[in-house]
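The numbering of the sequence shown is the numbering used here, which starts it at 86 and goes up by one.
Even for Gly, the Cβ is constructed at its ideal location relative to N, Cα and C.
Quick caveat, the model's predicted, so the values are computed rather than measured.
All remarks here apply to the structure that follows.
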Amino acid sequence: METLEGRLAAFRASIEYVTESLEVNRLSDEEILRSISSISDALKSEWISGVATSTSTTCSAMEHNFKLKMFAKQLEEVAISLWNATVGKKTSASIKETTAALLRQVCYDLIAYPLCTIGELKGPANIAYTQRRIMMASKVGKCWLELGEYDKAITAFEKATLDTQTLIESLSVPESEKTDAEVISLQKQLIELYCNTAIAASGAKDHARAFEVLTSAANFKIPASSPRLFDRQLDRVSATAYNLGLADTNARNLDSAIKWLNLSFEAGKRKHKTSHKHMALTLRLLAHVHSESGLEGNMQKALNAVELANTYHAHPA
Numbered sequence: 086m087e088t089l090e091g092r093l094a095a096f097r098a099s100i101e102y103v104t105e106s107l108e109v110n111r112l113s114d115e116e117i118l119r120s121i122s123s124i125s126d127a128l129k130s131e132w133i134s135g136v137a138t139s140t141s142t143t144c145s146a147m148e149h150n151f152k153l154k155m156f157a158k159q160l161e162e163v164a165i166s167l168w169n170a171t172v173g174k175k176t177s178a179s180i181k182e183t184t185a186a187l188l189r190q191v192c193y194d195l196i197a198y199p200l201c202t203i204g205e206l207k208g209p210a211n212i213a214y215t216q217r218r219i220m221m222a223s224k225v226g227k228c229w230l231e232l233g234e235y236d237k238a239i240t241a242f243e244k245a246t247l248d249t250q251t252l253i254e255s256l257s258v259p260e261s262e263k264t265d266a267e268v269i270s271l272q273k274q275l276i277e278l279y280c281n282t283a284i285a286a287s288g289a290k291d292h293a294r295a296f297e298v299l300t301s302a303a304n305f306k307i308p309a310s311s312p313r314l315f316d317r318q319l320d321r322v323s324a325t326a327y328n329l330g331l332a333d334t335n336a337r338n339l340d341s342a343i344k345w346l347n348l349s350f351e352a353g354k355r356k357h358k359t360s361h362k363h364m365a366l367t368l369r370l371l372a373h374v375h376s377e378s379g380l381e382g383n384m385q386k387a388l389n390a391v392e393l394a395n396t397y398h399a400h401p402a
């Protein structure tokens with residue numbers, strides 16, 4: 086009769102087999118996809134779900150729980166090994182982009198499985214674990230974004246965002262210079278995640294969601310003690326809003342373009358060191374969109390935008 090320990094060991098071995106096969110080019114893309122499907126099915130199965138949610142305080146159960154913690158650590162390690170093997174194959178273009186995205190997705194699913202979430206978040210070991218989850222989810226999201234799988238990208242980015250927000254909250258009480266630096270790094274990551282989520286939401290035609298998310302990035306509360314440290318992130322917010330505004334301009338979605346370009350300008354103004362050329366470029370495009378809209382009063386708005394643009398950077402004659 087198969088024991089739980091035997092099942093868990095077999096599950097771990099199936100992941101290790103995929104990793105080893107990737108490293109020596111043993112499997113075709115189709116065979117890799119079947120293996121991914123098998124791992125995903127196991128994660129959704131009742132038996133492993135029951136293992137993840139079981140709790141007890143008896144001596145035998147405590148020994149059992151200790152074994153599960155050991156397995157959780159092993160599961161994290163084999164997921165990392167599979168991730169690294171996938172990165173190597175993607176870099177060398179040995180596997181298809183979709184296969185690489187699915188492999189990264191299953192690695193994240195393994196890392197994020199409830200078996201691996203043991204301990205206090207503020208503990209040093211779990212901070213590293215949560216940061217790994219954030220990194221993996223962010224890269225999974227970027228893979229899906231590149232493939233045009235916008236809904237999958239949004240899901241991954243939102244998971245990374247939630248973990249990032251939770252970790253920021255956990256570290257929000259300054260205890261050392263290192264903690265301050267960690268919080269600032271996480272805040273920068275959060276702004277990047279907002280930008281990527283907005284791009285994915287826009288690709289999914291969920292324009293209201295895209296605008297809401299990027300507005301959160303543009304209005305992000307920057308620590309008063311370190312405003313200049315966020316210039317690069319505000320640059321990304323401004324550029325993202327500008328690009329979405331330009332796309333809407335070309336698509337003749339002029340009302341939406343005006344909203345994006347105004348957001349781009351406001352984000353750019355928040356930079357410690359403002360890019361005058363970019364601000365002028367944004368304002369001149371905004372003026373063009375206002376003039377193209379044909380709405381009453383928008384011609385004056387167009388003229389105002391041009392005048393303001395010239396205060397930032399005079400238009401070449």
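Classified as buried, M364 has 16 or more neighbouring CB atoms from the shown chains inside 10 Å of its CB. Nearest in C-alpha terms to E161, of all of K181, S301, R217, E377, is R217.
For F96, the CB contacts under 6 Å within the same chain, skipping 5 residues up- and downstream, are A127 in chain order. Residue environment: A213 is assigned as exposed (fewer than 16 neighbouring CB atoms within 10 Å of its CB, all protein chains considered). The beta carbon of S166 lies closer than 7 Å to those of T104 in the same chain, with the five residues before and after it left out.
Just so you know, the alpha carbons of I219 and N347 end up roughly 31 Å apart. The beta carbons of F296 and I307 sit about 20 Å from each other, so the pair does not count as a contact at 8 Å. The DSSP assignment places 209–231 as complete runs of the alpha helix (DSSP H) inside the segment 200–254, in order along the chain (cut-off: 4 residues). As the crow flies, the alpha-carbon of D114 is around 36 Å from that of A332.
Assignment of alpha helix (DSSP H) within the segment 303–346, counting only whole runs of 4 or more residues, yields 316–335 in chain order. Residues D316, L319 of the same chain have their beta carbon placed closer than 6 Å to that of K356, with the five preceding and five following residues left out of the count.
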